[in-house]
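> I have a structure here, written as structure tokens, and I will follow up with some questions on it.
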Amino acid sequence: MIFDECHHARKNHPYNGVMREYAHIKDLKSRPKIFGMTASPYWNERNPGLSLLTLETNLHSKIVGVHEHAEELQSHFSQLDEVLYEYPWPPEKYEQFPEPTIYDAFKVFSLDNLWLFDRLAIPWNKLEMRYFMTLNNTGPFCASLYLYHELNYHLSAAMNKAREILATASQKEAMSIDITSVKPLPIEMFDLLDIIDDFAPFYELYEPLSIDVPLEWCSPKVVAVVDIIKAHQTKNFQCIIFVEQRQVAATLSTALNAIPELQGVVRCGHLFGNGIHSEANMAIYGTKMDAIQLFGEKKINVRKFPPVSPPSTT
0 MIFDECHHAR KNHPYNGVMR EYAHIKDLKS RPKIFGMTAS PYWNERNPGL
50 SLLTLETNLH SKIVGVHEHA EELQSHFSQL DEVLYEYPWP PEKYEQFPEP
100 TIYDAFKVFS LDNLWLFDRL AIPWNKLEMR YFMTLNNTGP FCASLYLYHE
150 LNYHLSAAMN KAREILATAS QKEAMSIDIT SVKPLPIEMF DLLDIIDDFA
200 PFYELYEPLS IDVPLEWCSP KVVAVVDIIK AHQTKNFQCI IFVEQRQVAA
250 TLSTALNAIP ELQGVVRCGH LFGNGIHSEA NMAIYGTKMD AIQLFGEKKI
300 NVRKFPPVSP PSTT
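Positions 0 to 313 (numbering that gives the first Met the number 0) are the ones given, in order, by the sequence shown.
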């Protein structure tokens with residue numbers, strides 16, 4: 000039995016579940032032989048020995064590294080060139096980005112009607128936190144794009160719930176049953192939907208945008224990425240950009256395709272790992288699961304990939 004990225008075999012990960020299932024087999028000859036592969040066998044930098052011991056225990060295996068043929072392995076290993084690219088802090092205000100932003104519009108409701116977000120099951124505090132993370136990393140366009148799609152997703156779910164409530168009420172009314180216990184969603188929800196409709200022409204879900212994204216709408220970090228891509232552009236140019244969060248991967252993919260300086264240069268896609276809430280992420284961000292194939296076929300040449308766990312230094 001072969002486990003790729005076997006360092007995930009811990010806690011409630013499916014790998015660990017599989018191992019727990021086979022551990023009950025009493026006949027040792029019937030137990031499968033385990034072969035796990037990973038470039039990052041420990042996750043606890045303060046106590047790597049405990050990480051290694053946990054991995055060996057969970058997989059019923061012994062960790063083996065390359066010792067005898069280290070020189071042979073090194074001869075097939077290409078050392079990468081590491082370049083540090085410095086960029087300034089993001090500005091406090093992006094003067095050329097159109098106002099009011101979608102955040103400004105929804106912030107008014109969060110200040111005066113926070114109960115409305117709770118009633119609609121919109122986790123505003125979490126959305127706001129991720130909005131500012133995206134803003135600091137990529138700039139106001141990507142942050143606004145993220146907020147638009149998150150709110151659109153939650154409001155669509157609220158609308159579906161409202162339809163269910165209306166259907167239930169109609170059914171009970173037809174059956175002459177008391178419907179006073181059926182509570183409709185607040186009418187203020189339609190004010191939020193109007194805001195979504197106003198911004199829809201700018202942020203439609205990962206289709207080619209009808210607008211260009213100037214660099215003035217991007218953070219200094221994104222400007223640095225654009226400069227690096229332009230500096231290393233070749234006929235067969237391809238690159239992978241690793242980011243820390245899913246919404247950054249998705250929104251940056253859209254932005255890079257729409258930046259005038261990169262048009263005709265990049266064909267961008269994004270890919271998520273199978274982490275927590277992966278189905279919701281796919282629904283919100285429109286993840287294309289064939290990004291690996293498209294990248295291999297060179298139909299896209301830039302790919303953003305957020306790691307499920309913190310990236311290793313390997």
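Don't be surprised by glycine CBs; every beta carbon is placed ideally from N, CA and C. Here the structure is a predicted model, which means the values were calculated and not measured.
Give me the residue from 227, 241 and 245 with the minimum Cα distance to residue 264.
Locating residue 264 in the sequence shown gives position 265, where the first residue counts as 1. Of the listed residues, the one whose Cα sits closest to residue 264 is 227.
> Taking residue 257 as the reference, give the member of 215, 297 and 237 with the closest Cα.
On the sequence shown, position 258 is the one that residue 257 refers to. Selected option, being the one with the closest Cα: 215.
> Using three-state DSSP, classify residue 277 as helix, strand or coil.
On the sequence shown, residue 277 is found 278 positions in, with the first residue counted as 1. Its pLDDT being 44, under 50, residue 277 is placed unreliably by the model, and the measurement read from it follows with that caveat. DSSP places residue 277 in helix when its eight states are reduced to three.
> With distance defined between alpha-carbon atoms, name the residue in 35, 240, 251 and 10 nearest to residue 0.
In the sequence shown, the residue the question calls residue 0 occupies position 1. With distances taken between Cα atoms, residue 0 lies closest to 35.
> Quick one: what does DSSP say residue 101 is sitting in, helix, strand or coil?
Mapped onto the sequence shown, residue 101 falls at position 102. Looking at residue 101 - three-state DSSP - the assignment turns out to be helix.
> Pull up the DSSP beta-bridge partners for residue 35, would you.
One-based indexing of the sequence shown puts residue 35 at position 36. According to DSSP, which records beta bridges pairwise, residue 35 is partnered with 2.
> Smallest Cα separation from residue 159: which of 142, 188 and 141?
Within the sequence shown, the letter at position 160 stands for residue 159. Measuring from the Cα of residue 159, the nearest candidate turns out to be 188.
> Where DSSP assigns a beta bridge to residue 138, which residues make up the other side?
Here the question's residue 138 lines up with position 139 in the sequence shown. DSSP, once it has assigned bridges, lists no residue as partnering residue 138.
> For residue 64, which option in 53, 140, 37 and 89 has the closest C-alpha, if you only look at C-alpha atoms?
For this step, residue 64 is matched to residue 65 along the sequence shown. Cα-wise, what sits closest to residue 64 is 37.
> At the level of alpha carbons, what is the spacing between residue 29 and residue 9?
Counting from 1 along the sequence shown, the entry for residue 29 is found at position 30. Counting from 1 along the sequence shown, the entry for residue 9 is found at position 10. Spanning the two alpha carbons is a distance of roughly 23 Å.
> For a minimum of 4 consecutive residues, which ranges assigned as the alpha helix (DSSP H) are wholly contained in the region 3-30?
13-21
> Take the Cβ of residue 239 as the centre, count every other Cβ of all protein chains shown within 10 Å, and call the residue buried at 16 or more, exposed below.
Translated into the one-based positions of the sequence shown, residue 239 becomes position 240. By the neighbour-count rule (16 or more Cβ atoms within 10 Å), residue 239 is not buried but exposed.
> Looking only at its chain, what residues have a beta carbon closer than 7 Å to the beta carbon of residue 15, apart from the 5 residues adjacent to it on each side?
Here residue 15 corresponds to residue number 16 of the sequence shown, with the count starting at 1. Contacts found: 8, 9 and 57.
> What would DSSP say about residue 263, mapped onto helix, strand or coil?
Taking the sequence shown and counting its residues from 1, one reaches residue 263 at position 264. Coil at residue 263, not helix or strand.
> Residue 2 to residue 73, Cα distance in whole Å?
The count along the sequence shown starts at 1 and reaches residue 2 at position 3. The count along the sequence shown starts at 1 and reaches residue 73 at position 74. Taking the straight line joining both Cα atoms gives about 24 Å.
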